[in-house]
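Report on the structure given below.
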Amino acid sequence: MSLTSTTTLHNGVKLPWLGLGVYKVEKGFEVEQTVKTALNLGYRSIDTASFYENEEGVGKALSESGIKREDLFITTKVWNSQQGYDNTIKAFNESLEKLKLDYVDLYLVHWPVPGKYKDTYRALEDLYEQGKVRAIGVSNFQIHHLEDLMNDAKIKPMVNQVEFHPQLFQEDLLQFCKQNDIQLEAWGPLARGNYLDDPALTEIATKYNKTTAQVILRWDYQHGVVTIPKSTKIKRQEENANIFDFTLTDEDMNRIDALNQNKRTGKHPDEFDYSPYL
Ligand code: NAD
Numbered sequence: 001m002s003l004t005s006t007t008t009l010h011n012g013v014k015l016p017w018l019g020l021g022v023y024k025v026e027k028g029f030e031v032e033q034t035v036k037t038a039l040n041l042g043y044r045s046i047d048t049a050s051f052y053e054n055e056e057g058v059g060k061a062l063s064e065s066g067i068k069r070e071d072l073f074i075t076t077k078v079w080n081s082q083q084g085y086d087n088t089i090k091a092f093n094e095s096l097e098k099l100k101l102d103y104v105d106l107y108l109v110h111w112p113v114p115g116k117y118k119d120t121y122r123a124l125e126d127l128y129e130q131g132k133v134r135a136i137g138v139s140n141f142q143i144h145h146l147e148d149l150m151n152d153a154k155i156k157p158m159v160n161q162v163e164f165h166p167q168l169f170q171e172d173l174l175q176f177c178k179q180n181d182i183q184l185e186a187w188g189p190l191a192r193g194n195y196l197d198d199p200a201l202t203e204i205a206t207k208y209n210k211t212t213a214q215v216i217l218r219w220d221y222q223h224g225v226v227t228i229p230k231s232t233k234i235k236r237q238e239e240n241a242n243i244f245d246f247t248l249t250d251e252d253m254n255r256i257d258a259l260n261q262n263k264r265t266g267k268h269p270d271e272f273d274y275s276p277y278l
């Protein structure tokens, strides 16, 4: 297993288990360097969004990398202010241009904006049918959002990207996604670095001669969850990728599961302030 190991989405498209997230990575030099070092280390999956305002830098790094397009997996997302059918098509074309790509591998609805996400998703379905995206999905969708969406959708989402880490082990959502063949993808898998000094995680990490970040990312992988940890530092990018040479015991998996506190670093999708976007 390695950075190029993939999970297969329900439409047959292969998504790497581990990618690089670039939220809050500065546009321009910082994001270009960050993506370049990751690609050099062997990362092939990059997660950006129009909201991050760094798609141009991502695109520049990709085009200068010389890596074959078919070996890359690029995800971007339609932001809340861009939702609705026509706006989404426009937003998609803007993202494509910034990324300097002919197609995107995965296009996601960033948040479930009430009254809009179904029209937004209809645009994603059309982009998919036109071959402009290889897979489509959603982000920050709770079970009730997924159920509501699937009542009308022609194409079941292939991915749901949500905040997910040991303190926010969303077991019901994970099971629901597995039952429905929707790949769960963890954002903020390291809880933005907030509890990497947790004593239980530290004890487990010491046992495997790994870091707590590696233990968390391995825990995701063993739960069948894709991760996209962010780091601008080459050492940490390397560390985060080095999770395929050890296996957590069932006992340690259970211990990490038990760290759940339903604690978020971001907003709960049902409590997010959608009012500017309605
Ligand atoms: P993360 O959990 O990946 O944490 C990143 C932070 O953890 C870094 O800034 C760094 O401070 C620290 N870190 C990283 N590797 C480390 C290591 N090995 N040791 C110690 N500290 C380390 O948080 P994130 O960036 O918020 O999430 C990852 C990606 O998920 C984002 O970059 C973005 O692509 C995506 N995301 C999506 C949404 C969404 O709404 N869909 C929201 C937030 C993030």
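Numbering-wise, the sequence shown is residues 1 to 278 according to my numbering.
For glycine and all other residues, C-beta sits at the position ideal for the given N, C-alpha and C.
Within the same chain, and ignoring the five residues on either side of residue 132 in sequence, the residues whose Cβ sits closer than 6 Å to its Cβ are 103. Taking residue 92 as reference, the option from 57, 264, 121, 28 with the minimal CA-CA separation is 121. Exclusion of the five residues before and after residue 65 leaves 39 as the residues of its chain whose Cβ lies within less than 6 Å of its Cβ. Between the C-alpha atoms of residue 166 and residue 99 there is a straight-line separation of about 33 Å. Listed as beta-bridge partners of residue 165 by DSSP are 168.
Taking 8 Å as the cut-off, one finds at least one heavy atom of the ligand NAD near enough to the beta carbon of residue 52. Judged by DSSP in its simplified three-state form, residue 123 adopts helix.
Here DSSP, grouped into helix, strand and coil, assigns residue 103 to coil. Taking a C-beta distance under 9 Å as the contact criterion, residue 17 and residue 226 qualify as a contact pair. Rounded to whole angstroms, the separation of the alpha carbons of residue 70 and residue 206 is 38 Å. The straight-line gap separating the alpha-carbon atoms of residue 172 and residue 41 is approximately 34 Å. With fewer than 16 neighbouring CB atoms inside 10 Å of its own CB, residue 1 falls in the exposed class.
For residue 243, the CB contacts under 6 Å within the same chain, skipping 5 residues up- and downstream, are 214, 217, 218 in chain order. Given a length threshold of 4 residues, each whole run of the alpha helix (DSSP H) inside the region 7-75 is given here in chain order: 29-41, 55-65. Listed as beta-bridge partners of residue 3 by DSSP are no residues whatsoever. Residue state for residue 251 is assigned as helix, using DSSP reduced to three classes. In this structure, the CA atom of residue 115 is about 18 Å from the CA atom of residue 157. If you draw a straight line from the Cα of residue 118 to the Cα of residue 73, it comes to about 25 Å. A check of alpha carbon separations from residue 196 across 233, 107, 256, 138 identifies 256 as the nearest. Per DSSP, residue 236 lies in no beta strand (DSSP E); the unbroken alpha helix (DSSP H) holding it starts and ends at 234-241.
Residue 95 sits in a helix when the DSSP states are folded into three classes. In this structure, residue 134 has its CB at a distance of at least 8 Å from all heavy atoms of the ligand NAD. Counting of Cβ neighbours within 10 angstroms places residue 45 among the buried residues, the total reaching 16 or more. Residue 212 and residue 236 have their C-alpha atoms roughly 12 Å apart.
Here residue 265 carries a coil assignment [DSSP, helix/strand/coil]. Beta-bridge analysis with DSSP links residue 159 to 137, 183.
For the options 155, 10, 159, the alpha carbon positioned closest to that of residue 185 is the one of 159.
Distances from the alpha-carbon of residue 264 to those of 190, 182, 29 put 190 closest.
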